Amino acid sequence: DVSRSASSLYDQTRSNMKVNKKTRVLIQGITGKQGTFHGKQMLDYGTTVVGGVSPGKAGSTHLGVPVFRDVKEARRETGADASVIYVPAPFAAAAIHEAIDAELPLVVCITEGVPQLDMVRVKARLLEQNKTRLVGPNCPGLIRPEECKMGITPGHIHKKGSIGIVSRSGTLTYEATLCVGIGGDPFNGTDFVDCLTVFLNDPETKGIILIGEIGGSAEEEAAAFLRDHNKGASAKPVVSFIAGLTAPPGRRMGHAGAIISGGKGGAEGKIQALKDAGVVVTTSPAHLGATIFEAVKNK
Amino acid sequence: DSEMLGRAASRIAASQHRAQIITQLRQLNLQEYQSKGILDKNGCSVQKFVTATSLQEAEEKLKDFNVYEYVVKAQILAGGRGKGRFIGGRKDLGGVHISYKPEEALSATKEMIGRRLVTKQTPKEGVLVEKVMIAEGVTIKRETYLAVLMCRETNGPVVVASPAGGVDIEHTAEVSPELIFKEPINIREGMTDKQARRIARNLQFKGDLEEKAAVEIRRLYELFLKVDATQVEINPFVETDDGRVFCVDAKMNFDDNAAFRQREIFEMEDTSDKDPREVAANKLNLNYIGMDGNIACMVNGAGLAMATMDAIKLNGGEPANFLDVGGSVSDEQIMKAFEIITQDANVKCVLVNVFCGILNCATFARGAIAAFKNATIPVVVRLEGTNVDEGRRLLRESGLSVITADGLDDAAAKAVAAAAK
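Residue numbers (UniProt numbering), protein chains in the order written: chain A, 1 to 299; chain B, 1 to 421.
What follows is the structure, given as structure tokens:
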């Protein structure tokens, strides 16, 4: 049984998402257009980038860091413990497999358009091990403000604080202002429950923002998790926004995972489930910041 | 557990209900003859058939096609063909005609091609029938239901099977959930013999038929993987009087992300049933879905696009579309996107909500200025993110009369106000 709920092995890798200034990051696909542009942004932000992977350009230097043939070699030579993947969709899954082969603790895959079948195979592997945590694909990545940016979020909009943010949507995350974009695909490496676990256990996180959307049942699962684990005196305030209240049924709104079908996966159900779990659900993503601020203040 | 079944069944059911929804799906939709062609090519049992786009072609093809029973089926994407009727056609003729003489099959073909067929799942004006399938009829003893789909809950393929075939699976899920069997497949092991036979038994195939059905089930599973399908639904999956097993109708959905490695299938797509705006948008790699309102939207990021639509409604307006221009939109795409969303005479205002991450505000502003130059309706622009000051400056100094907005809610409120004027 490889169902998500049965894997406590993979769950052990959740804390690998807690990156900081000391995290040593590789860039897979560093010599490509996206890799070069965002790699530079990451370096400018202050992320500790220690190398890149680009099979054809092994042995060269790019953006001031050495380029290696594969992740195993890169890890061995640089001591890297994380990587960001900017590899085109047809090859992204292979890049993830490479990182799992090297037992890299954290892999963030930005790429949009990875075939579902490829991701189903990646996920089957992930669930049977406890070394590598995957975030994504099809996500903006994660950022620990002022310390480490692994992805494409505009760094200047995030300030160091005490709010943990997890979102399926990239640009909606920016609206809200550790921020983890888990991405919009139906089969991905990290879900809400993974991030909530990290946030609930992190003493620096005082409040949580969860941004969801139509399709699937990740938000309902998050609500059930919060009902069980975020209660009593130590409960942390959680504020949420769910996009797609007005989405028509049967359509796939952009993200491969955002589809309402047969009456399931709609926004109303998610909003109610979250409210029932004590989450404050706002009508606009723009209100998330102010609402969580108030909630944390009043705790 | 039954909740999970219900969800899987519902998702399957969605494929049957899909044509009920007026706006067409963006997903690749194949005609019945195309789906059956794929099944046939991959060793699955389908009834022998020919297709024709004219009476002459039908006459030609029937010369070498001699069967006991002829089933003529109009090839349209919508369901409900049997009970449908042709505009200007015979009152007793639906989209499916059965006869035992080739002359009658030809006569039905003549009646169907070139007419519009109206069914419960088509818009009022029906759909033009350009092609028919003429298939070998088989005597159906029993109808079952069989589908393979990707399931989030089990992280892999799941086979959903029910001996109650030929009917709406969602209905079965409601009234007799015990008749729905779910078999999750381990993606690394594939479908085992044991699993294939268990599914066949759940479908009540007995004796020799159990093995025949098991073979068919295994082939469908292999096909599902091979073509990067997200769903393959056979309803009905049939047992005939003479002990054969057939896929009598097939609906397939494909993973758009796999288009790069499934060119043959994606090139089969028939876009004539689709909203032309969506077809145009897809050609430009823009994510577009048409809706009914009068405020057109252009947004980067699907989540933000959905939230923008929500914000418009919250402010009392109605979105005319969903449009995600993505993270690396070019000047040409901005121009074309603007054209597409303003093509609709209903549109009274355009709301542009762009929060630049990968995208650069200055780059977007330049493209927008070129695109909105000839706008005859109000344009509300909310720009934020990477290089925002430069982007805003460019807009200010462009001389264009765009309404600038600060924040998502402000943008939505202004758009609703502008559309109401």
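Heads up, the beta-carbon is just placed ideally off N, CA and C, and yes, glycines get one too. If you're wondering where the values come from, they're calculated on a predicted model, not measured in any experiment.
Going straight from the alpha carbon of residue i to that of residue j, what length do you get?
i, j, result
"Ser54 (chain B)", "Asp410 (chain B)", "57 Å"
"residue 300 (chain A)", "Pro236 (chain B)", "Residue 300 (chain A) cannot be examined here, being either before or after the span of chain A that is shown, 1 to 299."
"Asp40 (chain B)", "Glu73 (chain A)", "47 Å"
"Lys57 (chain A)", "Arg69 (chain A)", "7 Å"
"Gly151 (chain A)", "Gln34 (chain B)", "41 Å"
"Leu286 (chain B)", "Gly136 (chain A)", "22 Å"
"Ile259 (chain A)", "Ala277 (chain A)", "Caution is warranted here: a pLDDT of 49 is assigned to Ile259 (chain A), below 50, making its placement in the model unreliable, and the coordinate value is therefore given only provisionally. Taking the straight line from one Cα to the other gives about 24 Å."
"Ile403 (chain B)", "Leu383 (chain B)", "11 Å"
"Gln272 (chain A)", "Asp228 (chain A)", "16 Å"
"Val238 (chain A)", "Lys275 (chain A)", "10 Å"
"Val84 (chain A)", "His62 (chain A)", "15 Å"
"Glu130 (chain B)", "Gly114 (chain B)", "6 Å"
"Met112 (chain B)", "Leu30 (chain B)", "19 Å"
"Gly367 (chain B)", "Gly161 (chain A)", "36 Å"
"Asn253 (chain B)", "Lys270 (chain A)", "26 Å"
"Gly165 (chain B)", "Cys349 (chain B)", "48 Å"
"Ile98 (chain B)", "Glu69 (chain B)", "7 Å"
"Val120 (chain A)", "Glu59 (chain B)", "47 Å"
"Gly201 (chain A)", "Ala124 (chain A)", "At residue 201 (chain A) the sequence reads Asn, which differs from the Gly that was named. Each residue's alpha carbon lies about 27 Å from the other."
"Glu146 (chain A)", "Asp44 (chain A)", "11 Å"
"Asn298 (chain A)", "Ala320 (chain B)", "41 Å"
Could you pull the start and end residues of the alpha helix (DSSP H) that residue i belongs to?
i, result
"Gly37 (chain B)", "Glu32 to Lys41"
"Phe49 (chain B)", "Taken as a continuous stretch (DSSP letters only), Phe49 (chain B) belongs to no alpha helix (DSSP H), being part of the beta strand (DSSP E) at Phe49 to Ala52."
"residue 305 (chain A)", "Residue 305 (chain A) is absent from the structure shown; chain A starts at 1 and stops at 299."
"Ile271 (chain A)", "Ala267 to Asp276"
"residue 306 (chain A)", "What the structure shows of chain A is the stretch from 1 to 299, and residue 306 (chain A) is not part of that stretch, so it cannot be assessed."
"Ile377 (chain B)", "That residue, Ile377 (chain B), is in no alpha helix (DSSP H); it is neither H nor E in DSSP."
"Val135 (chain A)", "Where Val135 (chain A) is concerned, there is no enclosing alpha helix (DSSP H), although the beta strand (DSSP E) it sits in stretches over Arg133 to Val135."
"Val245 (chain B)", "Taken as a continuous stretch (DSSP letters only), Val245 (chain B) belongs to no alpha helix (DSSP H), being part of the beta strand (DSSP E) at Val245 to Cys247."
"Cys195 (chain A)", "Phe192 to Asn201"
In the structure shown, what three-state DSSP assignment does residue i receive?
i, result
"Lys159 (chain A)", "coil"
"Phe205 (chain B)", "coil"
"Val71 (chain A)", "helix"
"Glu3 (chain B)", "Any reading at Glu3 (chain B) needs caution, since the residue's pLDDT is 48, under 50, leaving its predicted position unreliable; the model's value is listed next. Three-state DSSP puts Glu3 (chain B) in a helix."
"Ala13 (chain B)", "Residue confidence for Ala13 (chain B) is low, a pLDDT of 35 falling below 50, so the modelled location carries little weight and cannot support an answer."
"Glu213 (chain A)", "strand"
"Ala243 (chain A)", "strand"
"Phe187 (chain A)", "coil"
"Val238 (chain A)", "strand"
"Leu359 (chain B)", "coil"
"Cys109 (chain A)", "strand"
"Glu397 (chain B)", "helix"
"Ile85 (chain A)", "strand"
"Glu269 (chain B)", "coil"
"Thr283 (chain A)", "coil"
"Pro66 (chain A)", "strand"
"Glu384 (chain B)", "strand"
"Gly391 (chain B)", "helix"
"Val19 (chain A)", "coil"
With residue i as the anchor, note down where its beta strand (DSSP E) starts and where it stops.
i, result
"Phe355 (chain B)", "Cys349 to Cys356"
"Tyr288 (chain B)", "Asn287 to Gly290"
"residue 305 (chain A)", "Because chain A here runs from 1 to 299, residue 305 (chain A) falls outside it and cannot be looked at."
"Lys251 (chain B)", "Ala250 to Phe254"
"Ile27 (chain A)", "Val25 to Gln28"
"Glu239 (chain B)", "Ala229 to Thr240"
"Arg14 (chain A)", "No beta strand (DSSP E) contains Arg14 (chain A), which DSSP labels as neither H nor E."
"Arg261 (chain B)", "First-last for Arg261 (chain B): undefined, no H or E at that position."
"Gly289 (chain A)", "Careful: Gly289 (chain A) lies outside any beta strand (DSSP E), inside the alpha helix (DSSP H) at Leu288 to Lys297."
"Arg144 (chain A)", "Gly141 to Arg144"
"Cys179 (chain A)", "Cys179 to Gly181"
"Val53 (chain A)", "Val49 to Val53"
Check whether the Cβ of residue i sits closer than 7 Å to any heavy atom of the ligand PLP, and report yes or no.
i, result
"Pro145 (chain A)", "By its list of ligands, the structure shown contains no ligand whatsoever, and the ligand PLP lies outside what it can speak to."
Any chance you could list the alpha helix (DSSP H) runs of at least 4 consecutive residues sitting entirely within the region 292–340 of chain B, in chain order? 302–314
Counting pairs of Cβ atoms below 8 Å between the region 111–123 of chain B and the region 221–239 of chain B, do you hit three or more? no
Taking 8 Å as the threshold, find out whether the region 83–98 of chain A comes into contact with the region 109–118 of chain A through three or more Cβ pairs. yes
Three or more C-beta pairs closer than 8 Å, one from the region 241–256 of chain B and one from the region 134–149 of chain B: is that the case here? yes
Suppose only complete runs of 3+ residues qualify. What are the beta strand (DSSP E) ranges in the region 66–117 of chain B, listed by chain order? As far as the region 66–117 of chain B is concerned, its whole beta strand (DSSP E) runs of at least 3 residues are 70–74 and 96–99.
Counting only runs of 3+ residues fully inside the region 126–214 of chain B, write out the beta strand (DSSP E) ranges in chain order. 132–136, 140–151, 156–162 and 181–184
Should the region 363–374 of chain B be regarded as contacting the region 334–353 of chain B, the criterion being three or more beta carbon pairs within less than 8 Å? yes
Meets three-Cβ-pair contact criterion under 8 Å: the region 194–211 of chain A and the region 157–166 of chain A: yes
Do three or more CB pairs link the region 318–325 of chain B to the region 253–271 of chain B at distances below 8 Å? no
Just checking, does the region 78–96 of chain B make contact with the region 42–61 of chain B on the three C-beta pairs under 8 Å criterion? no
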